[in-house]
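S.K.: As given, the protein sequences belong to chains A and B, one line each in that order.
Counting from 1, position 36 in the first sequence corresponds to residue 36 in this note's numbering; the numbering is continuous, with no gaps.
Counting from 1, position 65 in the second sequence corresponds to residue 65 in this note's numbering; the numbering is continuous, with no gaps.
Backbone N, C-alpha and C fix where the C-beta goes; we use that ideal spot for every residue, glycine too.
Quick caveat, the model's predicted, so the values are computed rather than measured.
Below is one structure. I have some questions about it.
2 protein chains.
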Amino acid sequence: MLDTPRLVIDRRKMRRNIETMAAMARGSGVSLRPHVKTHKIPDIAREQLGAGAVGVTVAKVSEAEVMADGGVEDIFIAYPVVTGPKVRRAIALGKRVRLVVGVDSVEGARTLSVAAEAEGLTLEVRLEVDTGLKRTGVPYEEAVELARKIQGMSNLDLSGIYTYRGAVLGGSPTLDIKGAGLEEGELMVSLADRIREEGIEITDVSLGSTPTAEYVVEVDGITEIRPGTYVFYDRMQARLGACTLEECAAKVVCTVVSRPTGNRAIVDGGSKTFATDVQPGTPPLNLEGFGHVIGHPGAVLERLTEEHGMLRIRENDDLRVGDTVDIIPNHICSTVNLHDAVCMKGEDGIEEELRVAARGKVR
Amino acid sequence: MLDTPRLVIDRRKMRRNIETMAAMARGSGVSLRPHVKTHKIPDIAREQLGAGAVGVTVAKVSEAEVMADGGVEDIFIAYPVVTGPKVRRAIALGKRVRLVVGVDSVEGARTLSVAAEAEGLTLEVRLEVDTGLKRTGVPYEEAVELARKIQGMSNLDLSGIYTYRGAVLGGSPTLDIKGAGLEEGELMVSLADRIREEGIEITDVSLGSTPTAEYVVEVDGITEIRPGTYVFYDRMQARLGACTLEECAAKVVCTVVSRPTGNRAIVDGGSKTFATDVQPGTPPLNLEGFGHVIGHPGAVLERLTEEHGMLRIRENDDLRVGDTVDIIPNHICSTVNLHDAVCMKGEDGIEEELRVAARGKVR
């Protein structure tokens, strides 16, 4: 008997999600470079490549190393690589695969330039631009100037610009995903034009997230999308309209360990099992609870402590100690990071354990 | 050069925290059974035992197995063990070490009883009581009746009662820690008396958390405390008055990877590095940000995405790309669970990597 809690992936749904996104990109003439942070599993990355992805996106050198070891040959680290150890590892990795690295500051670019020069090789970089998320990325209005400076540095090949924005419009979180995607695309294409007017020959204009992907591809001039979550989808994406709850391929199976009162059941999945980075009641999503409880209308995963999930249920719900419940997490990417392995469930219902090889890479 | 982000433990501070709590328990004539979920490292558990702890507390059979493998011989699983695989593993473990298991339902107790009988052994159990946290635990007013039923089951030895409550008073979160501790202690002692009046010879009355430990020991009749966080302390405990920020033994060292604007720095620690289960601005703690930034007055770790920590800083702060910052997490237990290893820093300043052996045990 398989124990709980465990994260189960429905292979058929995952496969369909992979194919649908690949077909959408193909139909739009745009490259698809999925962010593999959602699954962190080389086998799944290879399925995405097999369906037509041109390469993968990662956030860390360590994740890139795991993907390269797993047979992925074209990797974009969409993150400013600035520490000495990471720069050295990136340079070493760049000798094994096609590697592109993010930059968003003069200091960061200079560190990469010096290291690449010392090794006698040229490193391909993309400039990260902030288009509204207020995270990393050079401020939009300073991007042309920084591109010019990077262009002047030795041993760096500035091949493109990229942004990550998600569901943001006019600088604020939004549920107007189409508006968000179109704005994101137009900002990036117009910036690419201005950079090219300076004589800097960038080719890649890379952007997009799971919810905005289908809208950004409508903007002429973008060349690549980098959605991640679509491989499994999650409750947040369903709320954003990117999928239905039925299309969500990942769920956590929990056991009821306690039924202290008529309207409370405690399950064995807490904050070590469900990520808490997408909090209930937070605008614009305003999700109720920490996940969608399948097949128990009105049930809300109200509170989490590390090992306990507090489920508010209806008085007539007949959940008993020992019963299992299936819950779709609010945010699957950070949830996967909590699990050493996932259970891949085939159409025969058999679950096969798959190690989350790039999990837990903090460095 | 050590890379970032990394979780660094100050050995001297940890040692002092361990000794101070042990001395407090010894002075009160109460047993100390620390919850090892905070560190999840057998070496540190053995230090706690060496300082006088009678055994350890864990939340899962899998954690208990790691501790037993690491030489711990007296383990309390303070959690209802109800699934078949876990019951079998608990029974097997009970042959190697002194093991006590939590129960809070008739169904759960019966499962244990049947399994113990089949193996021809007696399993020591403690009854979990809800004293206000509304989590697991039999409702307080139903505890005597459940104790009577468990007492009647074969192959179970009901040796005590326990509760976990933390900073709760009169059923609500509170900053009146002394009041919370005294109420918790009095509720449990009075319940133990009523159970004994039924002729049920329980010996252990186990309760207490890091903030309430020093107050519950003032109540005559309690026999054991189970604080966990005190080994490292954290920002939440400092806010609750259980420690000072200087006594916090664990901090995350991050690198500034981007300085997009005058008042914003991005560090390489996000929600994969800092736990997000204690959210900023949530009563009664109302902590500002996801951690205490050491040495940068006014700096607030405002937002986290998986790989990015958004630090709001003062305009005159001279943080640069490549600089490191030290941050005390809001909640150290769930933060440790995100790290495969911690760096134990000795008085010589040398950091030694220590594997978090019981990390990531979802099952």
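1. Return yes when the Cβ of B/Met-236 is within less than 8 angstroms of the Cβ of B/Leu-285, no when it is not.
2. Using a Cβ-Cβ cut-off of 8 angstroms, state whether A/Gly-59 counts as contacting chain B.
3. Does DSSP classify B/Gly-181 as helix, strand or coil?
4. Compare the C-alpha of B/Ser-206 against each of B/Val-231, B/Arg-165, B/Lys-178 and B/Cys-243 and name the closest.
5. Any idea which residues DSSP pairs B/Met-21 with across the strands?
6. Measuring straight from C-alpha to C-alpha, what distance separates B/Gly-360 and A/Ala-51?
7. What residues from chain A crowd round B/Ile-266, counting only those whose CB sits closer than 7 angstroms?
8. Give me whichever residues DSSP pairs with A/Met-310 in a beta bridge.
9. Using the DSSP secondary-structure output, state which residues sit across from A/Cys-254 in a beta bridge.
10. So, with DSSP's three-state summary, where would you put A/Leu-112?
11. Here's the rule: buried if 16 or more other CB atoms are within 10 angstroms of the residue's CB, otherwise exposed. What is B/Ala-25?
12. Rounding to the nearest angstrom, what Cα-Cα distance links B/Tyr-215 and B/Asp-176 in this structure?
13. Just to confirm, is the Cβ distance from A/Ala-180 to A/Ala-167 under 8 angstroms?
14. Using a Cβ-Cβ cut-off of less than 7 angstroms, list which residues of the stretch 86-110 of chain A approach chain B; keep chain order.
15. Return the residue from the list A/Asp-348, A/Leu-158 and A/Ile-195 that minimises the CA-CA distance to A/Gly-102.
16. For chain A, is any of its Cβ atoms less than 8 angstroms away from the one on B/Gly-322?
17. Give a yes or no on contact between the stretch 297-316 of chain A and the stretch 338-352 of chain A, applying the rule of three or more CB pairs nearer than 8 angstroms.
18. Within 8 angstroms, do at least three Cβ pairs link the stretch 323-330 of chain B to the stretch 97-114 of chain A?
19. Give the secondary structure of B/Arg-355 by DSSP, where H, G and I count as helix, E and B as strand, and everything else as coil.
20. Going along the chain, which residues of its own chain have a beta-carbon closer than 6 angstroms to the beta-carbon of A/Met-344, five neighbours each way excluded?
21. Can you find a C-beta in chain A that's less than 8 angstroms from the C-beta of B/His-39?
22. Okay, do the stretch 127-138 of chain A and the stretch 185-205 of chain A touch, 3+ Cβ pairs below 8 angstroms being the bar?
23. Using the Cα positions of B/His-292 and B/Val-253, report the straight-line distance between them to the nearest angstrom.
24. Can you tell me where the alpha helix (DSSP H) holding B/Tyr-164 begins and where it ends?
25. Quick check on the DSSP output: the alpha helix (DSSP H) that includes B/Lys-272 runs from which residue to which?
26. Could you compute how far the alpha carbon of A/Asp-317 sits from the alpha carbon of A/Val-256?
27. Leaving out the 5 sequence neighbours to the left and right, which residues in its chain are closer than 7 angstroms to A/Thr-111 when beta-carbon positions are compared?
28. In three-state terms, what does DSSP make of B/Gly-281?
29. Measuring from the CB of A/Asp-3, is there a heavy atom of the ligand MG at a distance below 7 angstroms?
30. Restricting to Cα atoms, I'd like to know which of B/Thr-335, B/Gly-170 and B/Met-153 is closest to A/Lys-272.
31. Go ahead and pull the three-state DSSP assignment for A/Ala-238.
32. First and last residue of the beta strand (DSSP E) that includes B/Val-129?
33. Please check if any C-beta of chain A sits within less than 8 angstroms of the C-beta of B/Tyr-79.
34. Identify each residue in the stretch 321-349 of chain B for which the Cβ-Cβ distance to at least one residue of chain A is less than 8 angstroms, and report them in chain order.
35. With distances taken from CA atoms, which of A/Glu-119, A/Ala-192, A/Glu-124 and A/Ala-118 is nearest A/Glu-141?
36. If you measure from the beta carbon of B/Ser-113 to each beta carbon in chain A, is any gap under 8 angstroms?
M.R.: So, to answer that:
1. yes
2. The sequence shown places Ala at residue 59 of chain A, not Gly. Any Cβ of chain B closer than 8 angstroms to the Cβ of A/Ala-59 would place that residue at the interface, and such an atom is present.
3. helix
4. B/Arg-165
5. Its beta-bridge partners do not exist; DSSP assigns none.
6. 32 angstroms
7. Contact note: B/Ile-266 reaches chain A through Arg-135 and Thr-136, using a C-beta cutoff of 7 angstroms and chain order.
8. A/Ile-266 and A/Arg-303
9. A/Val-325
10. helix
11. Taking all protein chains in view, the Cβ of B/Ala-25 is crowded by 16 or more other Cβ atoms within 10 Å, so the residue is classified as buried.
12. 11 angstroms
13. yes
14. So the list reads Lys-86, Asp-104, Ser-105, Glu-107 and Gly-108, given in the order they occur along the chain.
15. A/Leu-158
16. yes
17. no
18. no
19. strand
20. Ile-9, Arg-11, Glu-352 and Leu-354
21. Not an interface residue.
22. yes
23. 12 angstroms
24. Looking at the DSSP string, B/Tyr-164 is not in any alpha helix (DSSP H), and its letter there is neither H nor E.
25. First-last for B/Lys-272: undefined, no H or E at that position.
26. 13 angstroms
27. Val-82 and Val-87
28. Assigned with DSSP and collapsed to three states, B/Gly-281 falls in coil, not helix or strand.
29. Ligands are entirely absent from the displayed structure, and the ligand MG is therefore not among its contents.
30. B/Thr-335
31. In the structure shown, A/Ala-238 sits in a helix (DSSP, three-state: H, G or I).
32. First-last of the beta strand (DSSP E) with B/Val-129: 123-130.
33. yes
34. Look at the stretch 321-349 of chain B: the residues with a C-beta under 8 angstroms from a C-beta of chain A are Val-321, Gly-322, Cys-333, Ser-334, Asn-337, Leu-338, His-339 and Asp-340.
35. A/Ala-192
36. no
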